[in-house]
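Sequential numbering from 373 applies to the sequence shown in the working numbering.
One structure below.
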Amino acid sequence: MTAIRAKLRPIILVLVAFAAALAFASAGTSAANAGTVADIQFAPGTSGAYVDGSVVRGDYDSYFVEAYAGQVMYTDIVSYESNAAFSVYGPDNTLLCIEETSSAIVLPESGYYLIEVSGTRGNATYEMTVAVV
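Here is the structure:
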């Protein structure tokens, strides 16, 4: 029996190390993406909205906007230290722009678009406008 244990010991150690590494990596991923998650709603009769916030380095804030194919989404962001940017993803998770401060995108399909705000250098406090026409 001890001969079997001796042969299995290296395999068990590798499996335990792998399980620990997997648990550590999973915990880091979910914590690194924490931030604001919100829908952007346009007031009745308007086609734009303003949001402001702060994002910690390594995190991102997520905003969802419902829009239709053929509309144009205008997005602008400003920050005190010029260190905030946004990326836009389509309803099918296609990346439409990455780390921009201003964009005008003709929307390819109807659905919910994701705008992710991140700091480009450290923490960032920002003001963002989004309009869909």
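C-beta atoms are modelled at their ideal positions from N, C-alpha and C, and glycine is treated no differently.
What are the boundary residues of the beta strand (DSSP E) that A441 is part of?
Note, A441: premise wrong, no beta strand (DSSP E); not H, not E.
Whole angstroms is fine: what's the gap from S454's alpha carbon to P416's?
Rounded to the nearest angstrom, the two C-alpha atoms are 32 Å apart.
Can you tell me whether Y432 is buried or exposed, with buried defined as 16 or more other CB within 10 angstroms of its CB?
Flag for Y432 reads buried.
How is the beta strand (DSSP E) around Y461 delimited, first residue to last?
Where Y461 is concerned, the enclosing beta strand (DSSP E) stretches over 456–461.
According to DSSP, simplified to helix, strand and coil, what is G491?
The three-state secondary structure of G491, taken from DSSP, is strand.
Exposed or buried, T447, counting other C-beta atoms within 10 Å across all chains shown (16 or more means buried)?
Sixteen is the threshold: when 16 or more other Cβ atoms of the shown chains lie within 10 Å of the Cβ of T447, as they do, the residue is buried.
Contact check, I470 vs V437 under 8 Å by CB: the rounded distance?
Actually they are not in contact, since the Cβ atoms of I470 and V437 sit about 17 Å apart, beyond 8 Å.
Hey, how far is the Cα of I449 from the Cα of T473?
Their Cα atoms are separated by approximately 5 Å.
Looking at the strands, I want to know which residues DSSP matches up with T501.
In the DSSP output, where bridge partners are listed per residue, T501 has Y422, D448.
Cβ distance (whole Å) where V489 is taken to contact V444 below 8 Å:
About 20 Å separates the CB atoms of V489 and V444; that is not less than 8 Å, and the two are not in contact.
I412: first and last residue of the uninterrupted beta strand (DSSP E) it sits in
Per DSSP, I412 belongs to no beta strand (DSSP E) and is neither H nor E.
Does E481 come out as helix, strand or coil in the three-state DSSP assignment?
The answer is coil: DSSP assigns E481 none of H, G, I, E or B.
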